[in-house]
Amino acid sequence: MYPIVPGHEIVGEVTEVGSKVNKFKLGDKVGIGFENYCPVPIFTYNSVDPEDGTVTYGGYSDMIVVNQDFVIPIPEGLPLDKAAPLLYAGITVYSPMKYHGLNAPGMHLGVVGLGGLGHVAVKFGKAFGMKVTVISSSPSKEKEAIERLGADSFLVSSNAEQMKEKWKTAQLENWIGGTRIRSTRIINTVSASHSVVPLLSLLKPNGKMIMVGLPEKPLEVPAFSLIMAVLEMIDFAGKHNVTADIELIAADYVNKAMERLAKADVRFRFKIAPEEEHPRKAFGLAAHDSSGVLSPFPFSRRNNGDNDVSIKILYCGICHSDLHSLKNEWHNTIYPIVAGHEIVGEIIEVGSNVKNFKVGDKVGVGCLVDSCNSCQGCTTGFENYCPGMILTYNSVLPGDGTITYGGYSDMVVVNQNFVIRIPESLPLDKAAPLLCAGITVYSPMKYHGLNTPGQHLGVVGLGGLGHVAVKFGKAFGMKVTVISSSPTKEKEAIERLGADAFLVSSNAEQMKAAVASMDGIIDTVSATHAIPPLLGLLKPNGKMILVGAPEKPLEVPAFALIFGGKTLAGSLIGGIKDTQEMIDFAGKNNVTADIELISADYVNKAMERLAKSDVRYRFVIDIAKTLKSNI
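See the structure below:
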């Protein structure tokens, strides 16, 4: 509004006080910034005063009159001229560093950009006792960053080798100078349009990147960059048909192969035949090409090792990711593929070192069957973010190079550390989907504090993930609102699942009425959809967690995050400890998945229906009773 008098980094001296002012006196040195997340803030300039309709004028002036509650005392030790920018630039970086825990000594902080905000972020980071790396597009700023501001290191964002090397460090290096380094954090101060994906890749598992700069164009954020901690080598190989050249050998030829290997007499890799190393016969349903059509498939499992349990599979849920994998929609499928990572069954054999399970126990297996057991993710209970995690199906075993096969089969052999005990109170068929869908929503709800009684939780989407999120939210004692593009789901959400309210995402009036009403949102939708309207539903400092993975990058205006201090994060399944905790909680609170139990010969039809979202809410295959070789 013209005329405009800007300026919101104001420092001065009190010349008059009102009769009710008890915080300040004449002569005090004070400052003025502006209030941040009030829905109707009165900015220091260019705002309309609601009492008299006048326009506020800022600090490019000789004096100002301000309510005492918005005046900041300036410490005597601070030079007034150098203190002024702290009232905006300083608090802009300090507040999110404090709120998001980016102020712990020994933590590694990345600062993107070295301007007015960035240089202050470096100084605060060092004052907190953090290791600070500046990330800039300007190589000429390195000397300034390190020698003058005290940063520990410097990355040129356009230098692919530097960024790649830092990615390796973020993923694999857990110790620096004998001290365990916690998750990396990044403060992004850049207002120019830039790619955030390389920056997200610098983060360790559960790392956070906070936007305080305001790019004009919406950010393109691939959901996978938030949800997945790492893009594995095998994904790249699958996309580009990269395979090893091998000589397939029998197990009894191994010693001879070792002699030849010592002489480099192999082009280029020996590979033991699977039937030799995995002599245990198994049977399942496999897809052999991108049609995704499943057919009978005999194969082999490994013998039960000292730390293994063998499980007779009773039920296996069908996850939407199974459909993606069967059809190679993520371009990383290794055929033939036996899908299924929502496995429930009965133990039929235990290894000599197994102490926590016995024959006859009812157990489950989720998305993981092994990990490296030594990285930061593994040692802190987040095996789901291990760079070397072994998925229940379609992963390559590091020891012998064989491919893992999942739960669309009659039995499975699993390391005891990745087996989940199923409470007696849970029906086995309805418990199966919890091993993926359940932990996928439970883990981020726990990690991000969206499990507090009385809080308001929004659940976007009412499918396999969404309906379980509603149930967990109610079990936590929360108020739950379902947000869906399908008005027909309202009755189901409220009357059957117990949600407190329902919003149609395309109904502008409903969405407007719910603005700033929710503490957190779990977004379970995998289809491309608009994020800003959902962020608008969050209260200040609210959190929105993506667990669905849209194929196309999300458009996220930085303003939608910065004005409100809101967090947009991703989450991928959960660790083993959290999975056991989740299933125990479900048993105590009667949280189960709503399922349609099907026979094995119906599975291809079920896949067709799943592609059309024609299921309430999860298909579960009755493996024990219906899986036969003559399907």
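Residue 231 in full-length UniProt numbering sits at position 231 of the sequence shown; the count goes up by one each step and never skips.
Beta carbons are placed, not taken as given, at the ideal position from N, Cα and C, and that holds for glycine.
This structure is a prediction, so every number in the text was calculated from the model and none was measured.
For Val-603, the three-state DSSP class (helix, strand or coil)
helix
For Gly-351, name the three-state secondary structure that DSSP assigns.
Per DSSP, reduced to three states, the secondary structure at Gly-351 is coil, with no helix or strand assignment.
Is Asp-28 near Val-11, with beta carbons less than 8 Å apart?
no
Nearest to Met-63 (by Cα), restricted to the options Gly-542, Phe-357, Val-591 and Val-30
Closest in alpha carbon position to Met-63, among Gly-542, Phe-357, Val-591 and Val-30, is Val-30.
Rounded to whole angstroms, what is the Cα-Cα separation between Ile-621 and Gly-125?
53 Å
Can you tell which of Pro-279, Glu-349, Val-197 and Val-111 has the C-alpha that lies nearest to the C-alpha of Thr-189?
Val-111
Cα-Cα, which of Met-445, Phe-476, Gly-438 and Val-482 is closest to Val-459?
Val-482
Straight-line gap, Glu-596 to Gly-345 (C-alpha atoms, nearest Å)
18 Å
Taking the C-alpha atoms as reference points, what is the distance between Lys-363 and Asp-429?
Residue identity differs from the one stated: residue 363 is Val in this sequence, not Lys. Taking the straight line from one Cα to the other gives about 12 Å.
Between Gly-207, Leu-202, Ser-158 and Asp-361, which lies nearest to Met-97 when the distance is taken from Cα to Cα?
Gly-207
Beta-carbon proximity of Thr-626 to Ala-606, cut-off 8 Å
no
Going by DSSP in three states, Tyr-405 sits in which element: helix, strand or coil?
coil
Option in Tyr-408, Val-350, Ile-337 and Tyr-99 with minimal Cα separation from Ile-343:
Tyr-408
To the nearest angstrom, how far is the alpha carbon of Gly-351 from that of Ser-310?
9 Å
With DSSP run on the structure shown, which of helix, strand or coil describes Pro-63?
The question names Pro, but residue 63 in the sequence shown is Met. The answer is coil: DSSP assigns Met-63 none of H, G, I, E or B.
Between Gly-388 and Ile-439, which are expected to be in contact by the criterion C-beta below 8 Å, what is the C-beta distance as a whole number of angstroms?
Gly-388 to Ile-439, Cβ: 20 Å. No contact.
In whole angstroms, what is the alpha-carbon distance linking Gly-7 and Val-71?
15 Å
Cα-Cα separation between Ile-494 and Lys-471, rounded to whole angstroms
11 Å
Assuming His-100 and Thr-133 are in contact, meaning their beta carbons sit under 8 Å apart, how far apart are those beta carbons, in whole angstroms?
The pair is not a contact, with the Cβ atoms about 17 Å apart (cut-off 8 Å).
Since Asp-622 sits in a beta bridge, which residues does DSSP pair it with?
Tyr-315
Could you give the C-beta distance for Phe-297 and Val-369, rounded to a whole number, given that I count them as a contact under 8 Å?
Under the criterion of beta carbons closer than 8 Å, Phe-297 and Val-369 do not qualify as touching, at roughly 19 Å.
Determine the contact status of Asp-306 and Asn-415, defining contact as a CB-CB distance below 8 Å.
no
Is it right to say Trp-175 is buried, meaning 16 or more other beta carbons lie within 10 angstroms of its own, or is it exposed?
Below a pLDDT of 50, predicted positions are generally treated as unreliable, and Trp-175, at 32, falls in that range; the measurement from the model is reported next regardless. Exposed: under 16 other Cβ atoms inside 10 Å.
Check the C-beta distance from Leu-114 over to Ser-136 and give it rounded, since I have them as a contact under 8 Å.
5 Å
Strand pairing of Gly-449, partner residues [DSSP]:
In DSSP, Gly-449 forms no bridge with anything.
Just to confirm my understanding: we take Lys-474, look at its own chain, exclude 5 residues before and 5 after, and list those with CB closer than 7 Å. What are they?
Closer than 7 Å at Cβ, skipping near neighbours: Val-480 and Gly-498.
Spell out a yes or no on whether the stretch 521-530 and the stretch 540-557 are touching, meaning 3 or more CB-CB pairs, one atom from each, closer than 8 Å.
yes
Looking at C-alpha atoms only, which residue of Pro-433, Cys-378 and His-341 is the closest neighbour of Ser-395?
Nearest neighbour of Ser-395 by Cα position, chosen from Pro-433, Cys-378 and His-341, turns out to be His-341.
Excluding sequence positions up to five away, which residues of its chain have a Cβ less than 7 Å from the Cβ of Thr-56?
Result list for Thr-56: Ile-42, Phe-43, Thr-44, Tyr-45, Asn-46, Ser-47 and Asp-49, in chain order.
I need the DSSP call for His-108, collapsed to helix, strand or coil.
strand
Segment contact flag, the stretch 505-523 with the stretch 448-462, C-beta cutoff 8 Å, min 3 pairs
Enough Cβ pairs lie closer than 8 Å, so yes.
Taking the alpha-carbon of Pro-540 as reference, which of Gly-564, Val-556, Ser-201 and Glu-555 has the nearest alpha-carbon?
Among Gly-564, Val-556, Ser-201 and Glu-555, the Cα nearest to that of Pro-540 belongs to Gly-564.
Residue closest to Ser-195, alpha-carbon to alpha-carbon, out of Phe-357, Met-211, Ala-513 and Ile-390
Met-211
At 4 residues or longer, and completely inside the stretch 456-534: list those alpha helix (DSSP H) runs for me, N to C.
464-475 and 508-513
Among residues of its own chain, excluding the 5 on either side of Pro-105, which ones have a beta-carbon nearer than 6 Å to its beta-carbon?
Gly-129
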